[in-house]
Amino acid sequence: MRNRFDHVAKEIGQEALGPSGITVVHDEISPETQHADLRHEPDPAREAERARLGLLGRMAAVLCLIEIYGHAPDAAEFRACLAKHLAFWQQRIRKRRAQSRKRREAKQPPEALVEPFLWIITAGAPMTLLRELTLAPATGWPAGAYFFGADILRVGLVVASELPRDRSSLLVRLMAAGPLLADATADLGALPPEAHERVVAEQILLNLRLTLGSAPDHTLDEQEFIVNMDTTWGQALEEGRAQGRVQGRAQGRAEEAARAVLTVLRARGIALAEPERARILAQQDPDLLERWLEKAAVAASADELLAKPTRSRASKKAPKVAPRG
Numbered sequence: 006m007r008n009r010f011d012h013v014a015k016e017i018g019q020e021a022l023g024p025s026g027i028t029v030v031h032d033e034i035s036p037e038t039q040h041a042d043l044r045h046e047p048d049p050a051r052e053a054e055r056a057r058l059g060l061l062g063r064m065a066a067v068l069c070l071i072e073i074y075g076h077a078p079d080a081a082e083f084r085a086c087l088a089k090h091l092a093f094w095q096q097r098i099r100k101r102r103a104q105s106r107k108r109r110e111a112k113q114p115p116e117a118l119v120e121p122f123l124w125i126i127t128a129g130a131p132m133t134l135l136r137e138l139t140l141a142p143a144t145g146w147p148a149g150a151y152f153f154g155a156d157i158l159r160v161g162l163v164v165a166s167e168l169p170r171d172r173s174s175l176l177v178r179l180m181a182a183g184p185l186l187a188d189a190t191a192d193l194g195a196l197p198p199e200a201h202e203r204v205v206a207e208q209i210l211l212n213l214r215l216t217l218g219s220a221p222d223h224t225l226d227e228q229e230f231i232v233n234m235d236t237t238w239g240q241a242l243e244e245g246r247a248q249g250r251v252q253g254r255a256q257g258r259a260e261e262a263a264r265a266v267l268t269v270l271r272a273r274g275i276a277l278a279e280p281e282r283a284r285i286l287a288q289q290d291p292d293l294l295e296r297w298l299e300k301a302a303v304a305a306s307a308d309e310l311l312a313k314p315t316r317s318r319a320s321k322k323a324p325k326v327a328p329r330g
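Take a look at the structure:
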């Protein structure tokens, strides 16, 4: 993954698929060091979670690798994806063989091999691949989905620019990014706040916009994203900035109070171990910091300052109730 949008695609994929099974980002494949953008192993008991994801959930109904391109991949990129897929498949076969030997020794029946699927999500249509591999639209799937190699290779290609612009394809279009991102973010913003797609992707996109706001330079794609987000998500971004400013002021006050505690202790000649110093500086509770500052003027040691307050024996007794009548 080569840029910020690649990272966002992985974040969205992990956030969306994580509740329905094991989802690994940048998954390492041996024997040669290769990495898949996403690996997902569905939990059969979590089918309802996948159903909320539309097309992405349908794709992730079987063990799969997911590779994501914000452009139309060329032949070399397709071969690289295929190499990862085949290496992962062989890795699973070797693992199953090792497990089968152990199960035979324990006189247990062998487990069935779950054959993986490779999904390649592309923003644009890879015309050379479609033509040279004679890829035909997948039966029973939306426009833009193609299969390659049947059960021999188990490869699916999803051209996001050809998908219907509806809610079912939204998460896939967001992950593909590229020239589709403007429409996809607008579609996301049009959903009600409680929509599952917004729960998955909204904060990831807002975080990217706020991160880009502090960057000195931007690529053309980043600049277009900034303009689009400011147009579509202006209110949410301003709320995020305001919340950040409030948090920043609160953190600044807490740091000032913590340093005041340290100053009093230093002036009184009370030594602090590094963990104690770090604990005081990390504290964000203004009430606790105020109590520490008061105690710093009279405490005989750091242990006394940081000790939790204990209730007196008298305070533990139940209050007496005056008899009636």
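Once you know that position 195 of the sequence shown is 200 in the working numbering, the rest is easy, because the numbers rise by one and skip nothing. The C-beta atom is built at its ideal place from N, Cα and C for all residues, glycine as well.
Under the three-state DSSP convention, the category residue i falls into
{"i": "Trp146", "result": "coil"}
{"i": "Gln39", "result": "strand"}
{"i": "Ile73", "result": "strand"}
{"i": "Asp308", "result": "helix"}
{"i": "Arg44", "result": "strand"}
{"i": "Asp222", "result": "coil"}
Short Cβ contact (8 Å threshold) for residue i with residue j
{"i": "Ala165", "j": "Arg178", "result": "yes"}
{"i": "Pro78", "j": "Pro121", "result": "no"}
{"i": "Ala272", "j": "Leu294", "result": "no"}
{"i": "Lys100", "j": "Ile34", "result": "no"}
{"i": "Leu5", "j": "Tyr151", "result": "This structure gives no information on residue 5, because the portion of the chain shown stretches from 6 to 330."}
{"i": "Glu227", "j": "Arg9", "result": "yes"}
Rounded separation between residue i and residue j - CA only
{"i": "Asp156", "j": "Leu175", "result": "28 Å"}
{"i": "Ala283", "j": "Thr216", "result": "28 Å"}
{"i": "His12", "j": "Trp146", "result": "27 Å"}
{"i": "Gly75", "j": "Ala287", "result": "41 Å"}
{"i": "Arg246", "j": "Ala182", "result": "Caution applies to Arg246, whose pLDDT of 47 falls short of 50 and renders its modelled position unreliable; the model cannot decide the point."}
{"i": "Arg51", "j": "Val67", "result": "12 Å"}
{"i": "Ala278", "j": "Val303", "result": "19 Å"}
{"i": "Ile17", "j": "Ala312", "result": "44 Å"}
{"i": "Pro291", "j": "Ala206", "result": "33 Å"}
{"i": "Ala65", "j": "Glu46", "result": "8 Å"}
{"i": "Ala56", "j": "Arg63", "result": "7 Å"}
Residue nearest to residue i in terms of C-alpha spacing, selected from the options
{"i": "Ala276", "options": "Ala259, Arg296, Pro114, Ala301", "result": "Ala301"}
{"i": "Glu137", "options": "Ala80, Arg170, Leu310", "result": "Ala80"}
{"i": "Val381", "options": "Ile285, Asp42, Ala21, Leu22", "result": "The requested residue 381 does not occur in the structure, where the chain is confined to residues 6 to 330."}
{"i": "Glu167", "options": "Pro184, Leu158, Arg159, Phe153", "result": "Pro184"}
{"i": "Glu260", "options": "Leu298, Arg203, Thr237", "result": "Leu298"}
{"i": "Arg44", "options": "Ala56, Trp124, Pro197", "result": "Trp124"}
{"i": "Ile209", "options": "Met234, Leu140, Glu229", "result": "Met234"}
{"i": "Gly129", "options": "Gly149, Pro114, Gln113", "result": "Gly149"}
Cβ shell of residue i (< 8 Å), same chain only, five flanking positions each side left out
{"i": "Thr133", "result": "Asp79, Ala80"}
{"i": "Ser173", "result": "Gly59, Leu60, Pro147"}
Cβ of residue i within 8 Å of any chain C Cβ
{"i": "Ala65", "result": "Going by chain labels, chain C is absent from the structure shown, which holds only one protein chain."}
Contacting residues, own chain, Cβ-Cβ under 6 Å from residue i (five flanking each side not counted)
{"i": "Val119", "result": "Leu68"}
{"i": "Cys86", "result": "Glu72, Ile125"}
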